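Residue numbers (my numbering): 10 to 237.
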Amino acid sequence: MIADDDPNVREIIRLYFRQQLIELIEAPDGVSALAMLAEVKPDIVILDVMMPGLDGFETCREITKRYDVPVIMLTAKNDEFDRVLGLELGADDYMTKPFSPRELVARIKAIFRRMQKGQAAIEVDAPSQYEFDDLAIHVTRREVIAGSVKIDLRPKEFELLTFFAKSPGDVFTREQLLEQVWGYDFLGDMRTVDVHIKKLREKLSSCHNVCIHTVWGVGYKLEVEACS
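As structure tokens, then:
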């Protein structure tokens, strides 16, 4: 699904997607996109930021609250604040206009490959659960209990936390996390790691004995100790 108020952009994407045998559902704005999502289940959503009524950021916020579907943001702005805001709201990737439809398809395929790779790793390699003091990660059920609170994680947040849980105490650089969790074919912003770490920390706030610790100048690690 694409939500963009510019019919020319939708037409360009529609024609290229047709060549790639990708079925496209179109919405002229965020309100229409949310209404359509209640009826259909697209594999991925592409959102323009600058739309009348409900802009792309607010639409992304609503989508990630209600649905478990990857989101790519499109915008004419090339501002770091906008890129980070989109990621904080749950977007999986970000592209600035003008863009190549070929690159857009490449990013879509990269997201699907990462999702398949993550699911395969969970099914084949990972134990059924990890337990650290007041943090429990049930891998096969994709369920996380922090303290006594069940928390909901976005797919990439869950994969990131599970990756840390495999090696508690080990420090990983941003590059290593991008390579291992997002994959070699990741095309997005390096700040993606920082944004996901920030969101994970917020969601794990009810957990008192386990936290994701910053090792300044190096990266991050899962720390099993009293965390303030």
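All residues carry an ideal CB built from backbone N, CA and C; glycine is no exception. Values in this document were obtained by computation on a predicted structure and should not be read as measured data.
Point to revise | First and last residue of the uninterrupted beta strand (DSSP E) at M82 | key: For the purposes of this step, residue 82 is taken as residue 73 along the sequence shown, with counting starting at 1. Bounds of the beta strand (DSSP E) holding M82 are 80-84.
Practice item. Tell me where the beta strand (DSSP E) around L56 begins and ends. Key: Residue mapping note: residue 56 aligns to position 47 of the sequence shown, counting from 1. 54-57 is the span of the beta strand (DSSP E), which, as asked, contains L56.
Check your understanding: Are E205 and D143 touching if we call contact CB-CB under 8 angstroms?
Key -> Sequence index remark: in the sequence shown, residue 205 carries index 196 (1-based). Sequence index remark: in the sequence shown, residue 143 carries index 134 (1-based). It is His, not Glu, that sits at residue 205 in the sequence shown. H205 is not a Cβ neighbour of D143, given a cutoff of 8 angstroms.
Point to revise | Residue nearest to V190 in terms of C-alpha spacing, selected from T223, L170, G178, K208 | key: The residue you call residue 190 lines up with position 181 of the sequence shown. That would be L170, whose Cα lies nearest to the Cα of V190.
**Study point:** Option in V224, P177, P164 with minimal Cα separation from R183
**Key:** Numbered from its first residue, the sequence shown carries residue 183 at position 174. Ranking V224, P177, P164 by Cα distance to R183 puts V224 first.
Review point. Alpha carbon to alpha carbon, how far is D203 from P61?
Key: One-based indexing of the sequence shown puts residue 203 at position 194. One-based indexing of the sequence shown puts residue 61 at position 52. So the alpha carbons of these two residues sit roughly 30 angstroms apart.
Point to revise | Three-state secondary structure (DSSP) of K230 | key: Position 221 of the sequence shown, counted from the first residue, corresponds to residue 230. For K230, the three-state secondary structure derived from DSSP is strand.
Check your understanding: Where V180 and R116 are concerned, what is the direct C-alpha to C-alpha distance, given to the nearest angstrom?
Key -> Counting from 1 along the sequence shown, the entry for residue 180 is found at position 171. Counting from 1 along the sequence shown, the entry for residue 116 is found at position 107. C-alpha separation (whole angstroms): 28 angstroms.
Point to revise | Distance between beta carbons of I11 and L33, contact taken as under 8 angstroms | key: Residue 33 sits at position 24 when you count from the first residue of the sequence shown. Residue 11 sits at position 2 when you count from the first residue of the sequence shown. Taking C-beta atoms under 8 angstroms as the contact rule, L33 and I11 qualify, at a distance of about 6 angstroms.
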